[in-house]
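Numbering (the working numbering), first residue to last: 56 to 803. For every residue, glycine included, the Cβ atom is placed at its ideal position computed from N, Cα and C.
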């Protein structure tokens, strides 16, 4: 997580920021109590001394002005221009770089740019620049497909990171052939549309084959695959364990507990028990695989796990954080097998509130009574008879009852739940996508989610009671600008939301649109307004969960953050206390670790998303001319992004293809409106499209509406007055919710 200094910089760098006093800035960033204000004031003073901030008119905090030469990070856009974000923020913001001034810079490069034009806009200048030097390259190797074009060999890069192909000399030296997937190093970077030059490092295989695409993804995203001999041998030695109760471990193998996981899961992190105390209060037991017993801090296994940061779940393949002899073996809480665990016991009152004084923590020797899938659990709760004993049915019903109480309590406390569609791909034996199904969202998922959140929160409360630094899972509040944009969007939908976007107001809005045509649009807008949850020792809580104390404890098999928490719990269970004198990592070290494992999490998500897209596009390449049911997922001035309902793939349709009209973009409502027809297109609109072209290497699908949203017969005569949004008409078609719905609206 970024430090307070970084948060201040991000806030004042925002294009919508107007200089305010230090006190007002502190309020806007949520520094409320005396201690937070003192820390905020000291941080601002340090930033002033470092030249990161400046004092403007009327003692208002501003950024220093930019000079004629700016060093920064280049970010490209889909519209073939980009921006340079200064490494040291300035009050003038980013430099816009037109395509012909980008030179050979690529997304993420550290560059030096010259300011070539300043244009005043209000109190600020809009700067345009020209990149004069690339200081540091973000990417020097990549993957692509080899083709021969007019007698010359060239590599078409995977994805859209590089905007032009690379020429390559005599690829046959490496044994490469036409349409092979290759791993290459860049010798000369593309400039504008001029090809670059590269040398082939390795031939991965035939492009389009599942194994080839998997290996290309691993190389392209620099994922760690396989384990060296030292790690493998160490894992085997660790796995040679006798599961007998030892000193400091509670033997609870006779306790009824179960695991509930996806159909394809092999690494079972968590098991659940539920009993009742003498006052008939439910006592929830969350039992988590005791990975820290097997992975010693500082060992080869530990270092490798730290470098990976997390397991990576690609379609049809997992790159585990730990060798499978541990992740799928002795650490996994398999049914009817003794396993070591970290147990947290949480007692609840009749309303689902935690009786904090009764929370307990222990090392345990457990034995799962049954392994259920989410689908099994749902069918059992629906009354189906499956091959499980009645004790499991009773346990499951009690879990369902408690989870609903917890969910209700957390929602009353402000927890935000977004309803956004997700899909599960169906692959054949060759790794090809043959179908996709809506992801299972049955209530057992919520049962486990609620219990894991409660366990994470309970452990964080314990660690906070000793005032020590540790890796937290934090989710910053939405910044003021994002909250205001969300309020503007919601108002256009006919509802009111305070610009502060407090959780209770957000929850009411989400409840109001559930099951309506606005559901996707509003949920998507809320998601875009939220910041990303990350790992950090900074204690700012978790906004979406409305939790002041939160960490990740429940998945140490697949997340390194959780393993660090288990080691702290080991110290507590041994000593009965915790202090910084007990060899606990410093806050400075945890800031670095949190930033790193947050980046490995992002990398894993991006790799999964990219490979999914490749596999789906390979299938859709064979379906050119067919129709897809989609909905609008994004709107910009030049057109709309649409997402396929079945496969989740996204494509772009330019405004010219929407129909014969002049389309006007409305930023607040994120919509396009035909100036002549009055037809309005915004996020959530259902639209049928035809696949006209697919280019897998650059992840591109070309789509067209099956029918234009506007027909010539619907256009108004030139002399007719334009009413835009406030028009009152009986026959105009409304595309606010769905092409299939027609509504007669009266606007006041």
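Boundaries of the beta strand (DSSP E) in which residue i is found, first to last residue
| i | result |
| --- | --- |
| residue 422 | 415-422 |
| residue 236 | 235-243 |
| residue 143 | Per DSSP, residue 143 belongs to no beta strand (DSSP E) and is neither H nor E. |
| residue 482 | 478-482 |
| residue 705 | 705-709 |
| residue 748 | 741-750 |
Helix, strand or coil at residue i according to DSSP, with G and I counted as helix
| i | result |
| --- | --- |
| residue 626 | helix |
| residue 689 | strand |
| residue 337 | strand |
| residue 60 | helix |
| residue 75 | strand |
| residue 490 | strand |
| residue 586 | coil |
| residue 573 | coil |
| residue 765 | coil |
| residue 512 | helix |
| residue 361 | helix |
| residue 774 | For residue 774, the predicted structure reports a pLDDT of 49, less than 50, and the residue's modelled location is therefore unreliable. The matter cannot be settled from this model. |
| residue 226 | helix |
| residue 684 | strand |
| residue 635 | helix |
| residue 732 | coil |
| residue 128 | strand |
| residue 249 | strand |
| residue 520 | coil |
| residue 472 | coil |
Alpha-carbon spacing of residue i relative to residue j, whole angstroms
| i | j | result |
| --- | --- | --- |
| residue 245 | residue 160 | 8 Å |
| residue 412 | residue 596 | 21 Å |
| residue 464 | residue 568 | 21 Å |
| residue 263 | residue 673 | 7 Å |
| residue 62 | residue 185 | 28 Å |
| residue 86 | residue 97 | 12 Å |
| residue 622 | residue 347 | 6 Å |
| residue 585 | residue 532 | 7 Å |
| residue 602 | residue 512 | 8 Å |
| residue 702 | residue 214 | 19 Å |
| residue 341 | residue 398 | 6 Å |
| residue 500 | residue 429 | 7 Å |
| residue 777 | residue 737 | Any reading at residue 777 is ruled out, since the residue's pLDDT is 44, under 50, leaving its predicted position unreliable. |
| residue 811 | residue 139 | With the chain covering only 56 through 803, there is no way to say anything about residue 811. |
| residue 178 | residue 583 | Any reading at residue 178 needs caution, since the residue's pLDDT is 49, under 50, leaving its predicted position unreliable; the model's value is listed next. Answer to the nearest angstrom: the Cα atoms are 28 Å apart. |
| residue 361 | residue 724 | 43 Å |
| residue 617 | residue 385 | 18 Å |
Same chain only: Cβ atoms within 7 Å of residue i, ignoring 5 sequence neighbours per side
| i | result |
| --- | --- |
| residue 712 | 759 and 760 |
| residue 655 | 363, 364 and 365 |
| residue 276 | 658, 661 and 662 |
| residue 614 | 365 and 607 |
| residue 541 | 552, 556, 580, 581 and 584 |
Sheet register partners of residue i (DSSP bridge)
| i | result |
| --- | --- |
| residue 505 | None, per the DSSP bridge assignment. |
| residue 314 | 426 |
| residue 202 | 209 |
| residue 698 | 686 and 705 |
| residue 306 | 420 |
| residue 166 | 127 and 189 |
| residue 755 | 750 |
| residue 398 | 342 and 417 |
Contacts around residue i, its chain only, beta-carbon distance under 6 Å, and the 5 residues preceding and following it disregarded
| i | result |
| --- | --- |
| residue 461 | 407 and 505 |
| residue 457 | 337 |
| residue 803 | Any reading at residue 803 must be qualified, since the residue scores a pLDDT of 42, below 50, and its modelled position is unreliable; the value itself is stated next. If we look at residue 803 and ignore the five residues flanking it on each side, it has no Cβ neighbours. |
| residue 219 | 245, 248 and 250 |
| residue 382 | 322, 375 and 612 |
| residue 716 | 729, 731, 732 and 765 |
Extent of the continuous alpha helix (DSSP H) to which residue i belongs
| i | result |
| --- | --- |
| residue 646 | 642-675 |
| residue 293 | 284-294 |
| residue 545 | 535-547 |
| residue 89 | 89-105 |
| residue 372 | From DSSP, residue 372 is part of no alpha helix (DSSP H) but of the beta strand (DSSP E) over 372-374. |
| residue 467 | 445-467 |
| residue 325 | Where residue 325 is concerned, there is no enclosing alpha helix (DSSP H), although the beta strand (DSSP E) it sits in stretches over 325-331. |
Residues of its chain near residue i, where Cβ-Cβ distance is below 8 Å and the 5 sequence neighbours each way are ignored
| i | result |
| --- | --- |
| residue 565 | 471, 472, 473, 474, 577, 578 and 581 |
| residue 75 | 83, 115 and 116 |
Neighbour flag for residue i against chain C, beta carbons, 8 Å
| i | result |
| --- | --- |
| residue 634 | The structure shown contains no chain C; it holds only a single protein chain. |
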